[in-house]
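Data block below; observations after.
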Amino acid sequence: MKTEKIYLKYNTYEYLKKRCVALLEHCHVDDFPYYVYKVALKFADRIIPYSKLKGKPNGYAKAMAMSKDGFTLQMDDGRWRIYYNDDNNIPRCRFTLMHEVGHIWLGHNQSTEVTESSADFFARYCLVPPAIVHHFHCKNEQEIASHFWISDEAAYYAWEHYISWLNRRVADLSEPDKGLCRLLHIQTDGKKHKEGIM
Ligand SMILES: [Zn+2]
């Protein structure tokens, strides 16, 4: 997993949130946590753990040199392959897979600080959207980590993101938040939302 090194523009974050919701809709996600592997298989022709590369000349060493977490390659026929380091624990692998799906879904064709930060934000928002943290009444990072099946490191950022979402929240939900609530069939109109039940 790569931590966010730079801040993106406000409009970029808003764009990424919309794209996250579109992806979750496209994959018919209706609960959290969900099977990231299944989502990744909708985009990648093959998902290859680094352990499969051990023993192949330069395979594993080359992969580790590319990234200690994972990377994505597009084949000549246009199909995608996602490689991920399965020595990492499952929560971290889930983040890596969603980060790589982000690169494909967002049409990134090179690795830059902006595309890496975008894929990190995308992965976190897809795995732990603040509006859904609110819905599940998570009280701290640990509850987020266990409820959403993410790493402690990702939960730290998710908690920060949730707190800032709470502070900025206005009476009307944003479009991405409304989209998320539709996915989970959460009622957002009238009293329910104002009471913070959502
Ligand atoms: Zn990346």
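Mapping of the sequence shown onto this note's numbering: residues -11 to 186, in sequence order. For glycine and all other residues, C-beta sits at the position ideal for the given N, C-alpha and C.
Inter-residue spacing [alpha-carbon to alpha-carbon] between residue i and residue j
i	j	result
tyrosine 145	isoleucine 151	10 Å
arginine 82	phenylalanine 20	13 Å
cysteine 169	lysine 44	46 Å
histidine 16	aspartate 108	22 Å
lysine 6	tyrosine 72	26 Å
lysine 42	asparagine 77	18 Å
lysine 56	tyrosine 48	10 Å
beta-carbon residue i near ligand 1 non-hydrogen atom, thresh 8 Å
i	result
phenylalanine 124	no
glutamate 141	no
histidine 91	yes
phenylalanine 20	no
threonine 0	no
glutamate 104	yes
alanine 107	yes
Option in the options with minimal Cα separation from residue i
i	options	result
arginine 69	Asp75, Ala51, Arg80	Ala51
isoleucine 35	Phe110, Leu61, Gln130	Leu61
glutamate 13	Ile174, Gly167, Gln175	Gly167
tyrosine 23	Cys114, His91, Gln98	Cys114
alanine 143	Arg112, Leu171, Arg157	Arg112
Residues near residue i by beta carbon distance below 8 Å, same chain, minus five either side
i	result
alanine 28	Ile35, Ile70, Leu85, Met86, Glu88, Val89
tyrosine 1	Phe109
methionine 54	Tyr71
cysteine 8	Phe110, Tyr113, Cys114, Pro117, Pro164
6 Å CB neighbourhood of residue i in its chain, flanking five on each side removed
i	result
tryptophan 153	Pro118
phenylalanine 59	Tyr71
Same chain, Cβ closer than 7 Å to residue i, neighbours up to 5 away in sequence not counted
i	result
tryptophan 137	Pro21, Pro79, Arg82
glutamate 156	Sequence check: residue 156 is arginine here, not glutamate. Correct list: empty, nothing qualifies.
**Report entry** Completely contained beta strand (DSSP E) runs for the region 118 to 160, where each covers 3 or more residues
**Finding:** none
Report task. Scan the region 22 to 100 and note each continuous beta strand (DSSP E) run of 3 residues or more that stays entirely inside, going in chain order. Result -> 34 to 37, 58 to 62, 68 to 72
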